[in-house]
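Chemist:
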Amino acid sequence: MYRYDTYDRQLVAERVAQYRDQLARYLSGALRDEEFLPLRLQNGLYIQRHAPMLRVAIPYGLLSADQLRALATVAERWDRGYGHFTTRQNIQFNWVRLEETAEILAFLAEHDLHAIQTSGNCIRNITTDALAGVAADERVDPRPWCEFIRQWATFHPEFAFLPRKFKIAVNGAKEDRAAIRAHDIGLDLYPTDDPLAPEFDVYVGGGLGRTPMVGQRLYARVPAAELIPTLEAILRVYNRFGRRDNKYKARIKILLQALGVEAFRAAVDAERVRGDTVVAAYRDGWRDEVARIAAHFAEDDERAARTASKWRAEQAQPTLRDAGEERAFARWRSRNVLPHRVLGFVAVALVTKRHERAPGDVTAEEMRAIADWSERYADGEIRVTHEQNLVLAWVPEAALPALWREVRALGFGRPTFRLATDVISCPGGDYCALANARSIPVAQAVIAQLDRDPKRLAALGKVAINLSGCMNACGHHHLGAIGVLGVDKKGEEWYQITIGGQEGNDLRLGQVIGPSVRAEAVAPAIERLLDTYLALRRPEERFAETVARVGVEPFKTAVYGGESGVSPQQNQEHDHVVA
Amino acid sequence: MWWLDLEGAVHPFDRERFKPMTEPSAAVWMTVEDDPAWLPDEALAHVEAIAIEFPKFTDGRPFSLATILRARGWHGPLFAVGHFLLDQLDYLRRCGFTGFAPDPERYPYETLCELGPRLLRVFTEPYQASSAVPQPLWLRVRRDRAEQPVSEIEV
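Going down the list, the protein sequences come from chains A and B.
Under numbering that gives the first Met the number 0, the first residue of the first sequence carries the number 0, and numbering increases by one thereafter.
Under numbering that gives the first Met the number 0, the first residue of the second sequence carries the number 0, and numbering increases by one thereafter.
1) So, is Ala-70 (chain B) buried or exposed, given that buried needs 16 or more other C-beta atoms within 10 angstroms?
2) Hey, is Gly-81 (chain B)'s beta-carbon within less than 8 Å of any beta-carbon in chain A?
3) Kindly indicate if chain A contains any beta-carbon less than 8 Å away from that of Phe-99 (chain B).
4) Taking 8 Å as the CB-CB limit, is Leu-38 (chain A) close to chain B?
5) Inspect the beta-carbon positions of Ala-108 (chain A) and Tyr-59 (chain A) and report whether they are closer than 8 Å.
6) Is Leu-10 (chain A) buried or exposed, if buried means 16 or more other CB atoms sit within 10 Å of its CB?
7) Which whole runs of the beta strand (DSSP E) in the segment 371-407 of chain A are 3 residues long or more, in chain order?
8) Just to confirm my understanding: we take Leu-433 (chain A), look at its own chain, exclude 5 residues before and 5 after, and list those with CB closer than 7 Å. What are they?
9) Quick check: Trp-144 (chain A) and Leu-188 (chain A), are their CB atoms within less than 8 Å of each other?
10) At a CB-CB cut-off below 9 Å, which residues of chain B make contact with Arg-163 (chain A)?
11) Under the three-state reduction of DSSP, which class applies to Phe-158 (chain A): helix, strand or coil?
12) Out of A:Thr-306, A:Ala-224 and A:Val-267, which has the shortest C-alpha to C-alpha gap to Phe-199 (chain A)?
13) Chain B partners of Glu-519 (chain A), CB-CB under 8 Å?
14) Between Ser-150 (chain B) and Ala-69 (chain A), what straight-line distance do the alpha-carbon atoms span, to the nearest angstrom?
15) Out of A:Ala-408, A:Arg-216, A:Thr-126 and A:Leu-391, point me to the one whose CA is closest to Ala-303 (chain A)'s CA.
16) Output the residue ranges of the beta strand (DSSP E) runs that lie fully inside the segment 159-234 of chain A and measure 3 residues or longer, sorted by chain position.
17) Just checking, does the segment 328-335 of chain A make contact with the segment 408-419 of chain A on the three C-beta pairs under 8 Å criterion?
18) Our contact map puts Gly-428 (chain A) next to His-83 (chain A) with C-beta atoms below 8 Å; I'd like the distance itself, whole angstroms only.
19) Count the other C-beta atoms from every protein chain shown that fall within 10 angstroms of the C-beta of Glu-32 (chain B), then say buried if there are 16 or more, exposed otherwise.
20) Under 8 Å, Cβ to Cβ, is there at least one residue of chain B near Phe-344 (chain A)?
21) Taking Cβ positions, are His-476 (chain A) and Leu-466 (chain A) nearer each other than 8 Å?
22) Measuring only the C-alpha atoms, how far is Leu-535 (chain A) from Gly-499 (chain A)?
23) Just verifying my parser: in three-state terms, what is the DSSP assignment at Arg-139 (chain B)?
24) Kindly list, in the order they appear in chain B, the residues whose Cβ is closer than 9 Å to that of Thr-153 (chain A).
25) So who's on the other strand from Asp-360 (chain A), going by DSSP bridges?
26) Give me, in chain order, the residues of the same chain whose beta-carbon lies closer than 8 Å to that of Pro-317 (chain A); leave out the 5 immediate sequence neighbours on both sides.
27) Measuring only between beta-carbons, confirm whether Cys-112 (chain B) sits less than 8 Å from chain C.
28) If you count every other CB in all the chains shown that lies within 10 Å of the CB of Val-140 (chain B), and 16 or more means buried, which is it?
29) Along chain A, which residues have their Cβ under 8 Å away from the Cβ of Trp-137 (chain B)?
30) Using the Cα positions of Ser-563 (chain A) and Thr-531 (chain A), report the straight-line distance between them to the nearest angstrom.
31) Please list the residues of the segment 65-95 of chain B that have a C-beta atom closer than 9 Å to any C-beta atom in chain A, keeping them in chain order.
32) To the nearest angstrom, report how far apart Glu-301 (chain A) and Val-133 (chain A) are at their CA atoms.
33) What is the residue span of the beta strand (DSSP E) that Ala-579 (chain A) lies within?
34) Check whether the Cβ atoms of Leu-61 (chain A) and Glu-380 (chain A) sit closer than 8 Å, and answer yes or no.
35) Where do the ends of the alpha helix (DSSP H) carrying Asp-487 (chain A) lie?
36) Would Gln-150 (chain A) count as contacting chain B if we go by Cβ distances under 8 Å?
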């Protein structure tokens, strides 16, 4: 991964000192509530329902073992012994004390970690594919570019008080696993003859939230030298003309919609051609800088690739005890072990979802165990996926049985990666002050119900179920095959259900199927939706594709009743066919 | 009203001297709704000073207006005026502002003198190029590796 130099460290240290001073002035009354608010937000600090919440940045989802251990220490020393991995590849601590936050940030800085710009109306954490650098279908490794953009965005003096938050996602693979068209800016990388100078397709105006929209392509094949000038021009147009009168209409997608993509592009073009000495400076020397950053990742990859033979030589491979264990291992392998670009290696997904805990929650003890596994079996790095799981990206195939034993013993070995129980959920009303409804208990009920029939779960295949406790859509419910949105009706929690959303190259937003339902009706409704899918799908057809082909009507009927409902007999027949 | 200069000294601020963009004047008062394009290059060349007013500190438009004015090659004194925070001084300075006249009710003379100078420079070597920082970090300094990779693993 990228390793900080003295300048990176100095910037983080200066940030800690700045925040310490601001916190002291706030506590003394010299900084007012409304003044401290954006300052603390840009250091990841929300004031929540029970206590302040600290969101620590995990740039593009990449952590070293040492950093994961540092997060475990934060969980133990300043929180209640666990952390919550988010859909934007960060981690949140829900029980910190305001007075101790400067101390926590100082501790994090010792491990090259921080909470810079993880909230507030600024450029947020850059996100990408959790398999970046190892994916078998990768065109260009996005990691050096994520770091290059991270540095440009960090403490950018012009773009720290934007109309609203601003999210950038980067993809370099054939299959877009970063949902780039659901971001304010999405970048799609394409190779050229020069490995350090890919070209960028630039998408703008995607986003979920109250008004979900799919990003539109603003430019195709922008040369690498023009990347920062292009980003600056887009941000400047947004900073000047984005709406500031209504926070629900303040995202760049609303500006893009109001102007139309042609007029928006013309405005950005005008900024790009401005005789700007600042932008000109970015066209100079960038290639050497990208080479410097890329070398960090390349060296890691080389080192990781060398560990396979080391592992084989030093470790005795455990054998699987009996046929039952062999079957369990095979199931896990088929679900949680992902292909790798280098022969002899795989990536392993550690699933955090189980019915007795909140999706994405990991205890300090587990973080330490995972850090140990990453060093023993992989490259000493851990990736956070946007499904709120963790990935070890450089596991020698020979190490799989031993790793599986350990992973399973701690409950991370459920063979359910991206199955219906791999529910994505925001913290919801249990923690978040913005939420209209709780999402964790609903997620747990859904997981518990689906767990009852593992064969059916397997037959369903990949189905994304996403829960958000409010319109802000942190659970990305619009992108779920089944999305659940918490709404408040006269002080009661209700849940609106959408179907047919999908991530990937064919990004689709879900459609609402009808009136919202009560919490206890969510899991049964999801059961009926899944039954309908099983009954109606064609071979290999994903949930969203079935919805697109047959329409929402049969699903609607299955949930709310009516004549075209799917009978249980049909389900059983279909189960039999696919089981 | 008082203003802080880049050296940390505080002076009286003559607000009356600045006129709205619609009036010809050597000192221009700009609001966040104004467009620097209203001043053609020829007119801009005769402008001696510009003040950009913050309606509230969360409105980040002045940062871009300053950047645009500087990008057009205008080098005169550029004042941030009104409802901004001294905590924003570092970013304001980097965007090309050279004078800072905050709301005197929020920051009385004594507070401006005490707090202003030390908040002018927070980040000694920022990553970005910006109006007041002509080069990105990679052109300003030699970015050596902080540590070499561990490459002792036996093959």
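Ideal Cβ placement from N, Cα and C applies to all residues, glycine included.
A quick note: this is a predicted structure, and the numbers were derived from the prediction, not measured.
Modeler: Taking the definition as stated:
1) buried
2) no
3) no
4) yes
5) no
6) buried
7) 380-383 and 389-395
8) Cys-469 and Asn-471
9) yes
10) What Arg-163 (chain A) touches in chain B: nothing, since even the nearest Cβ is about 11 Å away.
11) coil
12) A:Ala-224
13) None at all; the shortest Cβ gap to chain B is about 41 Å.
14) Because Ser-150 (chain B) carries a pLDDT of 37, less than 50, the predicted location of this residue cannot be relied on, and no value is offered for it.
15) A:Leu-391
16) 167-170, 184-189, 198-203 and 215-222
17) yes
18) In fact, because the Cβ distance is near 14 Å, the residues do not count as touching under 8 Å.
19) exposed
20) no
21) yes
22) 14 Å
23) helix
24) Pro-125, Tyr-126 and Gln-127
25) A:His-83
26) Pro-400, Ala-401 and Arg-404
27) The displayed structure is made up of protein chains A and B, and chain C is not among them.
28) exposed
29) Gly-284, Trp-285, Asp-287, Glu-288 and Arg-291
30) Because Ser-563 (chain A) carries a pLDDT of 43, less than 50, the predicted location of this residue cannot be relied on, and the following value inherits that uncertainty. Using only the alpha carbons, I get a separation of about 11 Å.
31) Ala-65, Thr-66, Ile-67, Arg-69, Ala-70, Arg-71, Gly-72, Leu-84, Asp-86, Gln-87, Asp-89, Tyr-90, Leu-91, Arg-92, Arg-93 and Cys-94
32) 12 Å
33) An answer regarding residue 579 (chain A) cannot be provided, because it is not within the stretch 0 to 578 covered by chain A.
34) yes
35) Looking at the DSSP string, Asp-487 (chain A) is not in any alpha helix (DSSP H); the run it does join, the beta strand (DSSP E), is 481-488.
36) yes
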